[in-house]
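Numbering that gives the first Met the number 0 puts the sequence shown at residues 0 to 1049.
Beta carbons are placed, not taken as given, at the ideal position from N, Cα and C, and that holds for glycine.
Keep in mind it's a predicted model, so treat the numbers as computed, not measured.
Have a look at the structure below, then the notes.
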Amino acid sequence: MRPSRLLTATALGLIFAYAPAFADTTISTATTTPVKSATINSGAADNIDMTADGSITLTSGTAITVNSDNTLIMNGTIEMSGAESGATGILIDGARTTKLELAGTITVTDDYTASDTDSDSIVDGPFAEGTGRYGVRATGRLTGDAEISSTITVHGNQSSAIAFEGGQVGDFLFDGTISVLGEDSTGIALTGLQTGQVYLSGTIGVSGKNSQAVTLSGGIDGALIIDASISGTGYRYTSIGDDYLDLLDEDDLYQNKALVSVSGNVTQGILIGGAVTGEDDDNDDENGNGIDDSEEGTASLVQYGSNAALLIGSDSKAITIDPIVVNDSAIDPDEVNHALDIRGSIASYGYYEGVDATAVQISGLGYTTTLVNGISLSGSIAASSWEGTARGLSLLSGAEVGRLDMSGALTASVTTTDYDTAYGLDIASGANLSALTVRTGGSLSAYGYGTTANATAVRDQSNTLSQITVNGAIFASLTAGDEDEDDVTDTLINRPIAIDLSGNTIATTLDLVDLYPDDDDYATPYISGDIKFGSGNDVLNLSGGYIYGNIDFGAGANSLNIDDGGIIIGKLSAAGTVAVDVEDGRLGLAAGSQLNVTSLHLGSEAELYMVVQTASPTSALLINSGATTFDDGASVYLSLDKIIQTPTRFTLITGSNIDYGNLDLDNLDGNVPWIYKATLATGTNNTNLYADFRLRTQAESGLSVNEYTALSAVLTAAATNSYTTATILNTTVQADFIQAYAAFLPDYSGENLLTLSRGHQALGRTLERQAYLPVNGETQYWLQEFGYKTTRDRGETTGFDATGFSFAGGAERAVGEHQAAGVFISYTSTAPKDTYATAYETTTAQDITLGGYWRVQAGDFRGWATAGAGRTFFNSDRQLISSSVALISESKWNGYSINGSVGASYRVGLGPISLKPLVSVDFYGLKEDARSESGGGSAFDLTIEERTSHIATSSALLYLGRGDKTGLFQPEAWVGYKNNFSVKADDTTASFTGGTPFTLTAGNLKGGAPVIGLRMSAGNEYGYLSLEAEGEKYSEYSNYSLSLRTGFRF
């Protein structure tokens, strides 16, 4: 956007020595004749004013030449399409005192269009033909302002949209649109000294081998402000389908130069601008840069290629970027004025395989680059590479930066199969960055995608980074792939590194500070990923916030201080010593931690978490040569790196005269994995601290006797996988442990037997409810829809919750007086769920049965008998879902069933009511095949042996109904008793992969249950319809049902 007001030091007091005033010569029509300012006015010099209606069309030469000290205003069109080499739209010839106000359109292109010469759907050949084409060119020193908002298109090699070759005294202001295509070409090239402000806005896009969007090599005695959208590449395509990648040729994959290059001094700093959100209606320059806030945009620099999006440095001289000058109108300015202030976005993409990416590069060209007061980042910097190295901010040899203050985002990412690395901030040997501050809301990150990927958020090889302050976030992340294409995510080769100072010899202080601990509007500061200190006397301070990752303190006499609720969780190690003080917070020592400490203090609000290595129980985590003090209230939490099943003593701390305060040595319940009982013990004269671990007994565990029989098998299997191990060891309370443990067990509560048998039991009731017998020669049909719910609470078994339905239909014919015989088919489907485990085990069970029956109806007496056989089908999904892992084991198996029933009822009318006693016996037998699960892995999949079960139930019910049995509506209610007099719910014998089998019983299902029910029927001699509900409660389980029955004849 065009600035309306500029306040720069160079602009103030600048005196322009223009030639005497002339009446401007106006070009307001189309012409094909080039013009020169020295002769435009009938052979005399004059100012040139091309109106919007004016145009010059040429195919060679120069359209407008300013070869005298006159001004140029251009709002028209310069059309030089298909022009010869050397064609120029506007030429300022030699050193001139002038003023340029350029708008309109300037087009200087070749007569060439690349084509697909080999019929592979990919364009071939050079990007452009011809050389030396220019939109605007100044060959000498220009004195005066240049304001350019034109749309400039240039196609040609060694060409440029705007080239000022001799420098300028005055402000250079660009707010137009540039499109350049060609090898070794540039969008804007200012190669001489610019005395005045350089402001770049609008849009700039440049493509071609060795091309460059903006190059500023002559130095700027003033400020450089960029809020343009700038993009560039040497590639022919920056978006292409995977199917075409192998078709790309060398000329499709050229590299360009740095997108924006600054290789000269800048006396008033560099601002990569961001749009200003107004806070004061009376202040139109709240960022204090001299530009009206309403006319500023947000810079966007996007580079596709291996060179930097922004490069500051020179290969021929040392350069200095002085601090930005901020006017008094600025609201909330930084505490210092930085040399480079990035408020917009800068991004670099390698895009194609094997191409590195760097977003911002400082120095590295052989000469020193000094950024006085360093860099401020409130916008974003990002770099991304595929099978290459990505660097967000690269400080190379010669970069004298001093400080980096961040409230924005700095990130890098790689996707690789070849050990490539993403560096968020990379400080090379020979660079200098002494202080890094990541402010609240800021983030510095690195991401690696691929099994062999590396990610390092901060790497310092300069041995200069002595202070790191984190109020925001520094993190590194790695995500494994499936590079062997076996549909299983691979195991990562490397670890993410948040901060790498491992080569440094100077002392570094790392402060993690939560500035807003009581304000939920601000995120808690954190560091995620490993931290590697060097050999200096390093200090790590936490005042709130958390660190998740391993910490290597390196050599030296180091210090670790935690306060204000700070948390560290990771493996801690050091070649030197560490003085540890945890006043208020948590120190979590992961397995493999070992520190030689010179002192250890745990305050009253301190928590010490220690994960011991089961393979080396006598190896202490903390070896203290100094004082060890536990204040009253300090807590100790323990866990194991692996599951153990034999009692073991572990050495936690060695030292002398340890003061344990009021630490409870005898009871660690809630502070250790639930399955273990652990106590603490001390050596003679409190010299050491030990922990004694053993498995809980059945009574202590909260498991039933039945469940406890599988404990050894479950623990043995879980121990074979780090994620299932973590699931067991991360549960510290009984309820959480039992839920996780139950997920390892198969269905064994008799759910299939109890739920499928319900469908058969409904059949006898349907036959008893038939209103009429068919007469000779007639066929009578009936249908039944029976829905039910069966629940078994946790007790002897884990229990389940199941819903099901049974659909049955039959046909019958008379077979003598008062009798009928028929056939039936039934389909029963149930879905038992294990409701106690952390994730449901869901089984679907189906039974398709064919059978026959006989029934008799003589007056008010009714009797029946049935027999049938069926085929059963089962599917099971057993799930383990925890904070550590999500597993699903699946299985399918079949079986068969047999069933039969016999019963009788007799109705007695008692005036307006009737009573009907009913007795029946139902039998259901179920055979289930053996099965093996898959999908959950060897630590979770089970092999389950076959099961043969049956249930026989007798019923005695008394119905109360309507006395008039001929009435259309027949309400009924009943009470009674059911008794499972013969039950065999077969034991479930299972084993994990390669493990010892274990057996779980289904418990005692014998016994009786009271029954209550209601029914409403409607019918006549042609059929009936009834709706009924019933409930029964056994000691071990309960049944509830809702059924719809109908019968009809014809």
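Which residues in the same chain have their Cβ closer than 8 Å to the Cβ of residue i, if we skip the five residues on either side of it in sequence?
i	result
G480	T416, Y448, G449, T450, T488, D489
S120	Y243, L246
G962	G908, L909, G910, P911, I912, S913
N209	E182, D183, G233, Y253, Q254, N255, K256
Between which two residues does the beta strand (DSSP E) harbouring residue i extend?
i	result
N540	538-542
T25	24-26
N893	885-905
S393	389-394
D735	That residue, D735, is in no beta strand (DSSP E); its alpha helix (DSSP H) goes 733-741.
I1050	The chain is shown only over 0 to 1049; residue 1050 falls outside these bounds and no answer can be derived.
Q845	840-857
I203	202-206
Q779	778-791
Q267	Here Q267 belongs to no beta strand (DSSP E), and DSSP marks it neither H nor E.
P970	968-983
Y366	Segment: none, Y366 is in no beta strand (DSSP E) and carries neither H nor E.
T508	508-512
Counting along the chain, where does the alpha helix (DSSP H) carrying residue i start and finish?
i	result
T214	First-last for T214: 211-215, but that is the beta strand (DSSP E), not the alpha helix (DSSP H).
T723	721-728
V713	710-717
D756	The question names Asp, but residue 756 is Ser in the sequence shown. Element bounds for S756: 750-768.
Please tell me whether residue i and residue j are closer than 8 Å, where the distance is taken between their beta carbons.
i	j	result
I219	V259	no
G343	I271	yes
W863	A820	no
G397	T367	yes
A160	V168	no
R870	I897	no
N156	G129	yes
T458	I492	First, the residue type needs correcting, since residue 458 is Arg and not Thr in the sequence shown. Not in contact: R458 and I492 (Cβ atoms no closer than 8 Å).
A813	N775	yes
M333	S375	The sequence given here has Asp at residue 333, not Met. Yes, Cβ-Cβ distance for D333 and S375 is below 8 Å.
T76	P33	no
L662	A709	no
A938	A717	yes
D691	A680	yes
If I measure Cβ to Cβ from residue i and keep anything under 6 Å in the same chain, skipping five residues before and after, which residues do I get?
i	result
E932	S888, S890, D940, L941
S1050	This structure cannot settle anything about residue 1050, because the visible part of the chain is limited to 0 through 1049.
A20	Low local confidence applies: a pLDDT of 44 at A20 is under 50, so the model's placement there is unreliable, and no value is given.
T627	L599, G654, I657
N46	F21, D23, N69, T70
F860	Y905
Per DSSP, what kind of secondary structure is residue i in: helix, strand or coil?
i	result
R870	strand
L702	coil
R140	coil
F126	coil
L239	The identity of residue 239 in the sequence shown is Ile, whereas the question assumes Leu. Residue state, collapsed to three classes: coil.
Q878	strand
Y350	coil
Q360	strand
L246	helix
Q157	coil
E294	helix
Q193	strand
Q254	coil
Tell me which residues share the same chain as residue i and place their Cβ nearer than 7 Å to its Cβ, disregarding the 5 neighbours each side in the sequence.
i	result
Y747	T796, T987, L999, A1001
S59	A82, E83, A86
G347	Looking at the sequence provided, one finds Ser at residue 347 rather than Gly. Q302, A307, A308, A356, T357, A358, A382, listed in sequence order.
A37	A44, N66, S67
K35	T64, N66
To the nearest whole angstrom, what separates the beta carbons of residue i and residue j, a pair I think is in contact under 8 Å?
i	j	result
D23	D48	4 Å
D630	G660	5 Å
V732	G669	6 Å
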